[in-house]
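K.L.:
There are 2 protein chains.
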Amino acid sequence: MISESLVHLGEKKSGIRELFEYGLRQAAVVGKENVYDYSLGNPSVPAPEEVASIIRELLEGDSLALHGYTPAGGAKEAQQAVADDLTQRSGDTIRPENIFFTCGAAPALVAVLRALAVEDAEFVAIAPYFPEYQVFVSYNGGKFVEVPPDTKNFQVDIAAVERALTPHTQAVLVNSPNNPSGVIYSRETLTALGALLERKSAEYGHPIYIIADEPYRELVYDNAEVPYIPGIYRDTVICYSYSKSLSMPGERIGYVCIPDSVTDSAKLHAAVAGASRAFGHVCAPSMMQRVIARATGLRPDLEAYDKNRHTLYNALTEMGYECVKPEGAFYMMVKAPGGDAHAFSERAKKENLLLVPADSFGCPGFFRISTCVDPAMIQRSLPAFRRVLQD
Amino acid sequence: MISESLVHLGEKKSGIRELFEYGLRQAAVVGKENVYDYSLGNPSVPAPEEVASIIRELLEGDSLALHGYTPAGGAKEAQQAVADDLTQRSGDTIRPENIFFTCGAAPALVAVLRALAVEDAEFVAIAPYFPEYQVFVSYNGGKFVEVPPDTKNFQVDIAAVERALTPHTQAVLVNSPNNPSGVIYSRETLTALGALLERKSAEYGHPIYIIADEPYRELVYDNAEVPYIPGIYRDTVICYSYSKSLSMPGERIGYVCIPDSVTDSAKLHAAVAGASRAFGHVCAPSMMQRVIARATGLRPDLEAYDKNRHTLYNALTEMGYECVKPEGAFYMMVKAPGGDAHAFSERAKKENLLLVPADSFGCPGFFRISTCVDPAMIQRSLPAFRRVLQD
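In order, the protein sequence lines correspond to chains A and B. Residue numbers for the first sequence, in the UniProt record's numbering: 1 to 391. Residue numbers for the second sequence, in the UniProt record's numbering: 1 to 391.
Below, the structure written as structure tokens:
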């Protein structure tokens, strides 16, 4: 007697992972250099060198303190460093107690979702969205509600969000810079969204929270602005991860930030702690917390990502592909010629060109390209992009 | 609209933590050296020196590989190392694929519990038990069923286990070496338990699993035997953590091992992966996985724990306290003079002697002592133990 739905979830691979594994098999047949894999969103730039130096320094200190339990919400020094950094950058006042460290953004999101998953709770995601949101919501007591994409520029169709809201809506998931589009929601977009949510919260008599999933916050190009959402809409909870910004996705270090301005912030903080405790959270990895305490000022070297972004955008649009130029993250959404992204992705596979159809991101008719790849692979892949377009 | 039960869980501190925090406050008043804190089970022996050397070596290698995502179940080399180690020590055949790395034993337990939490599922814990079991079971869809302790020797009252079993029993939680008693379940005890579960599994027509929670497996004294439970009862799943054995509780690294012999092992493995995915597990901390890949042979320095065990057992029994001598872990259960452990603990607090009443471990009338403390504190505390006995 084993939970069938969890067996199913454990056996079901994401389309991205399937394509990636197909690529590995294909590499064994045709050679690694002849497979053009744009499937995974895995940082291709190493962690800043300072990370290794900080770890070496920490290893000189007391082992029991370094590897010991921290409080569930985090080591005081790590909470303090994050609070100071957020305060300085946002102009808001964030206290150490507003920060709850987690094993990455995924459990941060799950803790917030579960904290808000009262009876009949609905959670709204704006397409295109990270496919795992659907898993996180539906396996933690919520109903997943999808807002169709605004495919013109991948901002937010505010009227479509309004149609998705009901008295059961507990939160809207906002992911900007966005995976998979690379688009940053503009201040205008977020202001309109905030105004809508304020109006509907008042109408329903309870807050509709924004859950701001921001692992790509530091990955922006051309000095684009990433607006601080709690400054625009008070009922905003931030979920963050250092996976992308410090190129350490395997280390599982991130946090939930619940500013004091959030309605019932203390209760929500307690519920996030309770939800985390319920799924076995004890603390975030202790040494990495100490790294973060000294590394909040570090930024990744974005030059390689930026170059790839230009190369791919310029080459593809020149060939006749249609795409919105990303301003952040390391993804790009491209319109599937012919309109059927699955069929196009299958044709591309024959050229050993691995493109993820964006259907699972709630955005049919498009495919996603990860631009965190080897620049030489981009050059080798361009003829394949051209051929599959002419098929 | 926030989940009230999770708010409650997040706000509610364990009795252990409350006592510990009381100790910190009291230390500020009477001086740290005059507070005798036996509350927390925090390793007091540093990680083996090799851990720091391994990390330094790893930092010389490729940063992207070191800090990058691993597969959800773990890096192949880490799975292989654990499988080899278990195979060699148990005589069983454990494959790398039987190992699923987790962020410590707590999420390992939760994943297994959730995988088995079908409708009306019941999970049996044998007192004295780790209090958090109750949280893990009841907040993940199961009913918590308690078997009263065998207070003579803290082995298992098999007849009491039989009375606790029903057709809804999905698993029995077995924690040996035991927190809080320090007792190791003997081969005889486990054989009797296995025979009972085999008989009842046949009667009910479905397996009753043993979930073996074994973070203290390597902390044993006088060469005591810790029987390999899957060798005695085939439907045994192991949950392990390196928190205590390598003195790195903050690093959150452990695993689930589901041997091939377990009924529906592949399905159960998938459900554990699915459950983990549902609560936001992506992978266990990647650098620590690489440490484990090279550290399965390391053992903690047990001499200090062993000395404390002798000192406390000898001193307390000489004073007239009654306790069962622990063979493993770093805990000891002591009978509360007068029979009311809460009242006794309150009296002890007046002497700044912090003893955890074992009621929350399902074992009223006893208190728990953590023996992972400074030996000098033990010496300073003995007069207080004597005074509170004479009160």
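A virtual CB, placed ideally from N, CA and C, is assigned to each residue, including glycine. On a predicted model such as this, the values are computed, not experimentally measured, just so you know.
#1: Excluding the 5 residues flanking valine 324 of chain B on each side, which residues of the same chain have their C-beta closer than 7 Å to its C-beta?
#2: Please identify, using Cβ separations under 8 Å, the residues of the segment 70-83 of chain B that lie next to chain A, in order along the chain.
#3: Evaluate contact between the segment 292-309 of chain B and the segment 11-30 of chain A, counting only Cβ atoms and requiring at least three cross-stretch pairs below 8 Å.
#4: Return no unless some Cβ of chain B is closer than 8 Å to the Cβ of aspartate 264 of chain A.
#5: Name the one or two DSSP bridge partners that aspartate 301 of chain A has.
#6: Are there three or more Cβ pairs, one per stretch, closer than 8 Å when the segment 343-350 of chain B is compared with the segment 259-273 of chain B?
#7: If you draw a straight line from the alpha carbon of aspartate 329 of chain B to that of tyrosine 313 of chain B, how long is it in whole angstroms?
#8: Enumerate, from N- to C-terminal direction, the unbroken alpha helix (DSSP H) stretches of 4 or more residues contained entirely within the segment 86-129 of chain B.
#9: Listing by chain order, which chain B residues have their CB less than 9 Å from the CB of serine 261 of chain A?
#10: Just the Cα atoms here: how many angstroms apart are methionine 1 of chain A and leucine 116 of chain B?
#11: Could you list which residues in chain A have their beta carbon closer than 8 Å to that of leucine 267 of chain B, in chain order?
#12: Roughly how many whole angstroms lie between the Cα atoms of methionine 377 of chain A and proline 43 of chain A?
#13: So the alpha helix (DSSP H) alanine 25 of chain A belongs to, where does it begin and stop?
#14: Classify residue 474 of chain A: buried if its beta carbon has 16 or more other beta carbons within 10 angstroms, exposed otherwise.
#15: So which residues on chain A does isoleucine 55 of chain B lean against when the C-beta distance must stay under 9 Å?
#16: Within the same chain, show all residues whose beta-carbon is closer than 8 Å to that of glutamate 327 of chain A, passing over the 5 residues directly before and after it, in chain order.
#17: Mind checking residue 392 of chain B: buried by the 16 CB within 10 Å criterion, or exposed?
#18: Please report the distance separating the alpha-carbon of arginine 217 of chain A from that of alanine 78 of chain A.
#19: Kindly indicate if chain A contains any beta-carbon less than 8 Å away from that of serine 63 of chain B.
#20: Less than 8 Å between the beta carbons of alanine 266 of chain A and arginine 114 of chain A, yes or no?
#21: Roughly how many angstroms separate the alpha carbons of tyrosine 209 of chain B and glutamate 122 of chain B, rounded to a whole number?
#22: Assign residue 443 of chain A to one of two classes, buried (16 or more other C-beta atoms within 10 Å of its C-beta) or exposed (fewer than that).
#23: Between the Cα of cysteine 283 of chain A and the Cα atoms of A:Ala108, A:Leu354, A:Ile158, which residue gives the shortest distance?
#24: Which chain B residues sit within Cβ distance under 9 Å of proline 249 of chain A?
#25: Using a beta-carbon distance below 8 Å, is valine 172 of chain B in contact with chain A?
#26: Show which residues of chain B have a CB atom less than 7 Å away from the CB atom of proline 364 of chain A.
#27: Decide if glycine 320 of chain B is buried, meaning its Cβ has at least 16 other Cβ atoms within 10 Å, or exposed.
#28: Return the Cβ separation of valine 45 of chain A and tyrosine 305 of chain A in integer angstroms, given the expectation that the two are a contact with Cβ distance under 8 Å.
#29: Our contact map puts aspartate 235 of chain B next to proline 207 of chain B with C-beta atoms below 8 Å; I'd like the distance itself, whole angstroms only.
#30: Tell me the rounded alpha-carbon separation between glycine 91 of chain B and serine 53 of chain A.
#31: Tell me, please, whether the segment 379-388 of chain B touches the segment 348-355 of chain B by the rule of three or more beta-carbon pairs shorter than 8 Å.
#32: What is the residue span of the alpha helix (DSSP H) that valine 183 of chain A lies within?
#33: Taking only three categories from DSSP, how would you classify methionine 332 of chain A?
#34: Within this structure, are the beta carbons of serine 3 of chain A and alanine 271 of chain B separated by less than 8 Å?
#35: Going along the chain, which residues of the segment 87-115 of chain A sit with their C-beta nearer than 9 Å to a C-beta in chain B?
#36: How long is the line joining the alpha carbons of glycine 15 of chain A and glycine 142 of chain A, rounded to whole angstroms?
P.N.:
This is what the structure gives:
#1: Asn153, Phe154, Ser181, Val183, Met333
#2: The segment 70-83 of chain B vs chain A, Cβ under 8 Å: Thr70.
#3: no
#4: yes
#5: Checking the DSSP bridge columns, you'll see aspartate 301 of chain A has no partner listed.
#6: no
#7: One point to set straight first is that residue 329 of chain B is alanine, not aspartate, in the sequence displayed. For alanine 329 of chain B and tyrosine 313 of chain B, the distance between alpha carbons rounds to 14 Å.
#8: 105-116
#9: Neighbours of serine 261 of chain A on chain B: none; closest Cβ ~16 Å, over 9 Å.
#10: 7 Å
#11: Note that residue 267 of chain B is lysine in the sequence shown here, rather than leucine. What lysine 267 of chain B touches in chain A: Ile2, Val7.
#12: 15 Å
#13: Rather than alanine, the amino acid found at residue 25 of chain A in this sequence is arginine. Where arginine 25 of chain A is concerned, the enclosing alpha helix (DSSP H) stretches over 15-30.
#14: Residue numbering for chain A in the displayed model covers 1 to 391; residue 474 of chain A lies beyond these limits and cannot be assessed.
#15: Ile55, Arg56, Leu59, Met287
#16: Here the set comprises Pro177, Gly182, Val183, Ile184, Val220, Tyr221, Asp222, Ala224.
#17: Nothing in the structure corresponds to residue 392 of chain B, since chain B is present only between 1 and 391.
#18: The C-alpha of arginine 217 of chain A lies about 19 Å from the C-alpha of alanine 78 of chain A.
#19: True, the Cβ-Cβ gap to chain A drops below 8 Å.
#20: Against a cut-off of 8 Å, the Cβ pair of arginine 114 of chain A and alanine 266 of chain A comes out as no contact.
#21: 11 Å
#22: Residue coverage of chain A in this structure runs from 1 to 391, which leaves residue 443 of chain A outside it and unanswerable.
#23: A:Ala108
#24: His67, Gly68, Tyr69, Val282, Cys283, Ser286
#25: no
#26: Within 7 Å Cβ-Cβ: nothing; proline 364 of chain A doesn't reach chain B, min ~24 Å.
#27: exposed
#28: 7 Å
#29: 4 Å
#30: 42 Å
#31: yes
#32: DSSP places valine 183 of chain A outside any alpha helix (DSSP H), giving it a letter other than H or E.
#33: strand
#34: Yes; because the gap between Cβ atoms is below 8 Å, this pair is in contact.
#35: Flagged, chain order: Thr102, Cys103, Gly104, Ala105, Ala106, Pro107, Ala108, Leu109, Val110, Ala111, Arg114, Ala115.
#36: 23 Å
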